[in-house]
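Structure record follows, encoded as structure tokens.
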Amino acid sequence: MKSISVLNLGALLVTSMTPLAISCPTAHHGAPIVDLSNGTYRGTYNQHYHRDLFLGMPYAKAPVNDLRLRVPQSLNSTWTGIRNTTKYSPSCIGYGSDTWVLGNHVSEDCLSINVVRPAGIPEGTKLPVAVWIHGGGWVNGGSSDPRYNLSFIVEQSVRKGMPIIAANMNYRLHAWGFLHSAELAAEGSTNLGYRDQRLALHWIKENIANFGGDSERVTLWGESAGAFSVGSQLVAYGGQDDKLFMACLRKLPTNELSAVLNSTFASPPSWGQVVDGDFIPASGRALLKKGKFAKVPLLMGTNFDEGTEFAPQGINTTSQFVQYVRSVDLAKPAVHSIEKLYSNNPAVGIPGTLKGRPEGHLTYLGRQYKRAAAFSGDVFQHAGRRLTTQSWAKQQIPVWSYHWNVLVENVSPAKGASHFQEVVFTFNNVNGQGYDTVISNNPLAGKPA
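What follows is the structure in structure tokens.
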């Protein structure tokens, strides 16, 4: 894992990617075959993009029955013959728009990985590898989301004469991947979604050479919860029994447990990483300040108007703003300082694309919306980016930081350059594939490719 580069808080990271002699893959026809230690897979050849796709390959045993709510187990089975990897596996069970817009094709048996490579690469090739971790607040989403189509970025890498292999994975979500209790902590079954990701990275380390990838040049890459996941992998491990209650949960039918977890009682903020003293030994802030993180090059960034995604609506008065600031659990002196530093002057709030205060059909946002949004962006996104880059610089590790500030098509000026808006460009998704849904608009609609 020493060569993994990573990004945090919504960005992309880079290892050394020097141009290779195989910038133009050779002609290729027919279904690709790859031999792994477990057995042989047959992928599919995409003629339009001239790519080989290997989809839905399991990287762990199915986390079902007694393996539910346990640390993922390596896949140790073997087979003869050839298995097809021509379609995505179900996504892990989650609850939210990113899951239901994909058709709710979910299952507990979901721990799979997808690999996309340029077709026709010669045997023995060692291409750099980019591994994407999807976002979704740790509660929904999946690797089959068309907005994360890996073919686009692989295609662009070939055009640039610097071809790569791309991969992404499913990991357990919501309570299935982030339930925490004394019983789970005692048996070491915490932060399971993160442990899934780590096992997938081990799978890549062990197998990617068979696809033509270089296991010593792996770049880890994500956005939102995916980027936070990258950060958590950097600080994991400090930079590297007979329980009746748990037995009951493990024996429940999937649909019964899912019905409870998908209730209004089990709200999304209930699920996410926890400091367990093991995978996450301390808070990220503490680990960064102590220099306990993987010393790898890092490129990270945030969007200028991140705060419009996280700010509460209806903040009309200073007292309401102060009440909101207090809810973030800051010390009283900090609350007073923030009240003074974050002006109620809309000219200095965000987004800058919204002139003045919200009016007309936007009055529901609140008269101090831009003030609340400015604070929200800093506390939830920008502060972490700044602390992380400072920590890298202090250790004299290469680090780059960017600030995205583009108002894309079909996004309201009241939203600005908000959360997630850079992803379509990151993937070189020039046609906006996957964005024309009931929950999103194509950010490139009407624009030339």
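Reading the sequence shown from the start, the letters are residues -23 to -1, 1 to 426 in mature numbering (1 follows the signal peptide of the UniProt record, and there is no 0). Just so you know, even glycine gets a beta-carbon here, dropped at the ideal spot from N, CA and C.
Whole-angstrom distance between residue j and residue i, CA atom to CA atom
i           : j    : result
S296        : P49  : 47 Å
residue 429 : A204 : It is not possible to answer for residue 429, since the shown part of the chain is limited to -23 through 426.
A288        : L331 : 15 Å
K267        : F357 : 21 Å
S89         : G71  : 15 Å
I110        : Y125 : 10 Å
Q372        : V273 : 11 Å
D122        : P335 : 34 Å
L161        : L127 : 35 Å
L186        : F256 : The sequence given here places Ala at residue 186; Leu does not occur at that position. Distance between the alpha carbons of A186 and F256: 27 Å.
G216        : N168 : 16 Å
F65         : A308 : Per the sequence shown, residue 65 should be read as Tyr rather than Phe. Those two C-alpha atoms are separated by around 47 Å.
A206        : Y171 : Here the sequence assigns Ser to residue 206, which means Ala is not the residue at that position. Going from the Cα of S206 to the Cα of Y171 covers about 7 Å.
W198        : L13  : 25 Å
G333        : Q300 : 23 Å
H359        : M277 : 11 Å
H25         : Q250 : 40 Å
G114        : F397 : 12 Å
G411        : W77  : 13 Å
L364        : S389 : 30 Å
A422        : K317 : 41 Å
A311        : A143 : 43 Å
P375        : G138 : 24 Å
W381        : P323 : 21 Å
I98         : W377 : 31 Å
V305        : A370 : 28 Å
R136        : G58  : 36 Å
M223        : L32  : The predicted position of M223 is uncertain, since its pLDDT is 42 and thus under 50; a value taken from the coordinates is nonetheless stated next. Their Cα atoms are separated by approximately 33 Å.
Y18         : V302 : 53 Å
Residue environment, residue i, which counts as buried when at least 16 other CB atoms sit within 10 Å
i     : result
N184  : buried
D43   : exposed
G16   : exposed
D29   : buried
A394  : buried
N280  : buried
H313  : exposed
L46   : buried
D413  : exposed
D282  : buried
L156  : buried
R362  : buried
A271  : buried
Q210  : buried
N406  : buried
V195  : buried
A(-3) : Its pLDDT being 38, under 50, A(-3) is placed unreliably by the model, and the measurement read from it follows with that caveat. Result: exposed.
A152  : buried
E286  : buried
Closest residue to residue i among the options (Cα-Cα distance)
i    : options                   : result
Y379 : M146, V356, L275 and I327 : L275
S134 : V93, R124 and N117        : V93
G337 : V383, V305 and A391       : A391
R60  : I70, P9, V78 and A96      : P9
N321 : V302, D306, P310 and K347 : K347
T102 : S166, G33 and F188        : F188
T340 : Y18, N293 and E193        : N293
M34  : W115, V116, W180 and N408 : W180
V252 : E286, G278, S192 and Y214 : Y214
P105 : I141, N387 and K317       : I141
V11  : E100, A159 and L79        : E100
C-beta atoms of residue i and residue j nearer than 7 Å
i    : j    : result
N145 : N91  : yes
F129 : F402 : no
F298 : Q345 : yes
L52  : A37  : yes
D86  : G118 : no
L264 : V212 : yes
A202 : G73  : no
T63  : T21  : yes
P67  : V41  : no
V385 : P420 : yes
A343 : G291 : The sequence shown places Gly at residue 343, not Ala. Yes.
S166 : N147 : no
G284 : I315 : no
A96  : H27  : yes
A350 : Y319 : no
E132 : V400 : no
N408 : N387 : no
8 Å contact criterion, which residue i and residue j should meet: CB distance rounded
i    : j    : result
C69  : L176 : Not really, about 14 Å apart at Cβ, beyond 8 Å.
D173 : G190 : Contact flag wrong, Cβ pair sits at about 20 Å.
G208 : G254 : About 18 Å separates the two Cβ atoms, so there is no contact after all.
Any non-hydrogen atom of the ligand SAM within 6 Å of residue i CB
i    : result
V207 : Only the bare structure without any ligand can be found here, which leaves the ligand SAM out of the picture.
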